[in-house]
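Input: a single structure, listed below in C-alpha cells.
Residue numbers (the numbering used here): 1 to 279.
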C-alpha cells in the first residue's frame, strides 16, 4: 500500500491480494498513506485491500454479524508499528510490516475470495476479459458490505487501528475495500498510478493496507515510488482494462491540459532519478 504515492503491479505474477483502503499482507503488510503518490500492482496476484480514511465513511451498511462465527486474533497496533515506522511512513509514503495477521485470518480470507470470484458483486470488473488478453484479472469492491468474512476482517482484525496509528489519528473509518486477483498466465499489468487521481476526495489523511493472501516474489509484487505521496500529482486516470476502456474514466468539466503529466516511472527508476519501494 502507499500514502498517495505512485504504485504499480507487475505483469507476470500469480496470486491474491486484498487492498483495504488501508493495504496489508498476511506474511507481510505493506502500508501506504495517500496524498498523490505513484504505485503499480503485480499481474498475477490476489490482493485484498481496505482503504480507510479519517473523514470518509462507507456507502452501505455491512451485513449483520454471524452469532456462530468464532473470534480470530485481533492485532495490537502499538505492537505492530513503532514510532520509527510511523515516521518513515510519513517520509517515504509506504512501509512493509511483516507477520501481522494470523494464518487463521489469511485462510479465512482466502476462502472468502473464492466465494466472491464465484459470485461477484455489481462493481466487479474482469480486466483481462475486457482487454482480451487472456487469463483472469478479477477486481471487485465494497465486499465488506456483502460478505461476512470481509466484514469481520474490516471490523475485527485490528486493521483500522493500524491505519489510525500510521496516520497519527485516534480513529480511522473505512473508505472501501477492494479485491484484486490475477491468476497464473495473466500477463496484463496495471499501469503506474496514484489512487488519489481516481478518488473524488481531497486531503492526505488516508492510507491503504495491502494484504497478500498468496506468496508473491518481491520483484514482481506491488511497488511504490519513494516519496511520491509528496508530489501532489493529479493525473488522467487509466482504466485497468486498457486504454480502449479509459474514456469512461474522466472528470466532468475538467480539461485534459489541467491534469499533471504522469512520469515514465520505469525509465526514471532505471536512470536512478527515483527510488522504488518493493516488498
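Backbone N, C-alpha and C define an ideal beta-carbon position, used for all residues, glycine too. Just so it is clear, the structure is predicted and the values come from calculations on it, not from any experiment.
Practice item. List the whole-angstrom C-beta distance separating residue 222 from residue 276, where the pair is believed to meet the contact cut-off of C-beta under 8 Å. Key: The count along the chain shown starts at 1 and reaches residue 222 at position 222. The count along the chain shown starts at 1 and reaches residue 276 at position 276. Not quite, the Cβ-Cβ distance comes to about 11 Å (not below 8 Å), so this is no contact.
Exercise for review: Quick one: residues in its chain with C-beta nearer than 8 Å to the C-beta of residue 261, no 5 flanking neighbours on either side, listed in chain order?
Suggested key: If you number the chain shown from 1, residue 261 lands on position 261. 235, listed in sequence order.
Exercise for review: Check whether the region 166-177 touches the region 137-146, taking contact to mean three or more Cβ pairs, one atom from each stretch, closer than 8 Å.
Suggested key: yes
Practice item. Provide the residue span of the beta strand (DSSP E) that contains residue 223, from first to last. Key: Counting from 1 along the chain shown, the entry for residue 223 is found at position 223. Looking at the DSSP string, the run of the beta strand (DSSP E) that includes residue 223 is 223-225.
Practice item. Report yes if the C-beta distance between residue 213 and residue 113 is below 8 Å; otherwise report no. Key: As a working note, residue 213 is residue 213 in the chain shown. As a working note, residue 113 is residue 113 in the chain shown. For residue 213 and residue 113, yes; Cβs fall inside 8 Å.
Check your understanding: Between residue 56 and residue 171, what straight-line distance do the alpha-carbon atoms span, to the nearest angstrom?
Key -> For this step, residue 56 is matched to residue 56 along the chain shown. For this step, residue 171 is matched to residue 171 along the chain shown. In this prediction, residue 56 has a pLDDT of 36, which is less than 50 and means its spatial position is unreliable; what the coordinates show is noted afterwards. So the alpha carbons of these two residues sit roughly 12 Å apart.
**Study point:** Length of the line joining the Cα atoms of residue 108 and residue 149
**Key:** Numbered from its first residue, the chain shown carries residue 108 at position 108. Numbered from its first residue, the chain shown carries residue 149 at position 149. Answer to the nearest angstrom: the Cα atoms are 7 Å apart.
Review point. Cα separation between residue 96 and residue 264?
Key: Position 96 of the chain shown holds residue 96. Position 264 of the chain shown holds residue 264. When rounded, the distance between both Cα atoms is 24 Å.
Exercise for review: Tell whether a beta-carbon distance below 8 Å holds between residue 343 and residue 71.
Suggested key: Since the first residue shown for the chain is 1 and the last is 279, residue 343 is missing from the structure and cannot be characterised.
**Study point:** Beta-carbon proximity check, residue 121 vs residue 227, cutoff 8 Å
**Key:** For the purposes of this step, residue 121 is identified with residue 121 of the chain shown, where counting begins at 1. For the purposes of this step, residue 227 is identified with residue 227 of the chain shown, where counting begins at 1. Taking 8 Å as the Cβ cut-off, residue 121 and residue 227 do not qualify as a contacting pair.
Review point. Does DSSP put residue 27 in a helix, a strand or coil?
Key: Taking the chain shown and counting its residues from 1, one reaches residue 27 at position 27. Its pLDDT being 34, under 50, residue 27 is placed unreliably by the model, and the measurement read from it follows with that caveat. Reduced to three states, the DSSP call for residue 27 is coil.
Point to revise | N-terminal and C-terminal residue of the alpha helix (DSSP H) that residue 173 is part of | key: Here residue 173 corresponds to residue number 173 of the chain shown, with the count starting at 1. Segment 173-182 is the beta strand (DSSP E) holding residue 173; no alpha helix (DSSP H) there.
Review point. Looking at C-alpha atoms only, which residue of 229, 204, 210, 188 is the closest neighbour of residue 135?
Key: Within the chain shown, the letter at position 135 stands for residue 135. Among 229, 204, 210, 188, the Cα nearest to that of residue 135 belongs to 188.
Check your understanding: Considering only C-alpha positions, which residue in the set 99, 153, 203, 207 is nearest to residue 164?
Key -> As a first step, residue 164 must be located in the chain shown, where it is residue number 164. Looking at the Cα atoms, 207 is the closest of the given residues.
Exercise for review: Answer yes or no: do residue 254 and residue 157 have a C-beta to C-beta separation smaller than 8 Å?
Suggested key: The residue you call residue 254 lines up with position 254 of the chain shown. The residue you call residue 157 lines up with position 157 of the chain shown. No; because the gap between Cβ atoms is not below 8 Å, this pair is not in contact.
Review point. Does DSSP put residue 162 in a helix, a strand or coil?
Key: The residue given as residue 162 occupies position 162 in the chain shown. Three-state result, residue 162: helix.
Check your understanding: Helix, strand or coil for residue 139 per DSSP?
Key -> Looking up residue 139 in the chain shown gives position 139. Here residue 139 sits in strand by DSSP.
Practice item. Give the straight-line distance between the Cα atoms of residue 80 and residue 155, rounded to the nearest whole angstrom. Key: Locating residue 80 in the chain shown gives position 80, where the first residue counts as 1. Locating residue 155 in the chain shown gives position 155, where the first residue counts as 1. One C-alpha to the other measures close to 17 Å.
**Study point:** Contact with chain D by residue 74, beta-carbon distance below 8 Å
**Key:** Structure shown: chain D not included; a single protein chain is present.
Practice item. Enumerate in chain order the residues of its own chain whose CB-to-CB distance from residue 27 is below 6 Å, with the five nearest sequence positions on each side excluded. Key: Working through the chain shown from its first residue, we reach residue 27 at position 27. Confidence is the limiting factor: at residue 27 the pLDDT is only 34, short of 50, which leaves the residue's position unreliable, though a coordinate-based value still follows. Nothing listed; no residue qualifies.
Check your understanding: In whole angstroms, what is the alpha-carbon distance linking residue 192 and residue 116?
Key -> One-based indexing of the chain shown puts residue 192 at position 192. One-based indexing of the chain shown puts residue 116 at position 116. Approximately 26 Å between the Cα atoms of the pair.
Practice item. Look at the alpha carbon of residue 278 and the alpha carbon of residue 218, and state the distance between them as a whole number of angstroms. Key: The count along the chain shown starts at 1 and reaches residue 278 at position 278. The count along the chain shown starts at 1 and reaches residue 218 at position 218. Each residue's Cα considered, the two are about 6 Å apart.
Review point. Taking the alpha-carbon positions, what's the residue 151 to residue 159 distance?
Key: Translated into positions along the chain shown, residue 151 becomes position 151. Translated into positions along the chain shown, residue 159 becomes position 159. C-alpha separation (whole angstroms): 12 Å.
Check your understanding: Any idea what DSSP makes of residue 148, helix, strand or coil?
Key -> Looking up residue 148 in the chain shown gives position 148. Of the three classes helix, strand and coil, the one that applies to residue 148 here is helix, per DSSP.
Check your understanding: Roughly how many angstroms lie between the CA atoms of residue 183 and residue 137, to the nearest whole one?
Key -> As a working note, residue 183 is residue 183 in the chain shown. As a working note, residue 137 is residue 137 in the chain shown. So the two alpha carbons sit approximately 7 Å from each other.
Review point. Over what stretch of residues does the beta strand (DSSP E) that includes residue 210 continue unbroken?
Key: The residue labelled residue 210 in the question sits at position 210 within the chain shown. 206-212 is the extent of the beta strand (DSSP E) around residue 210.
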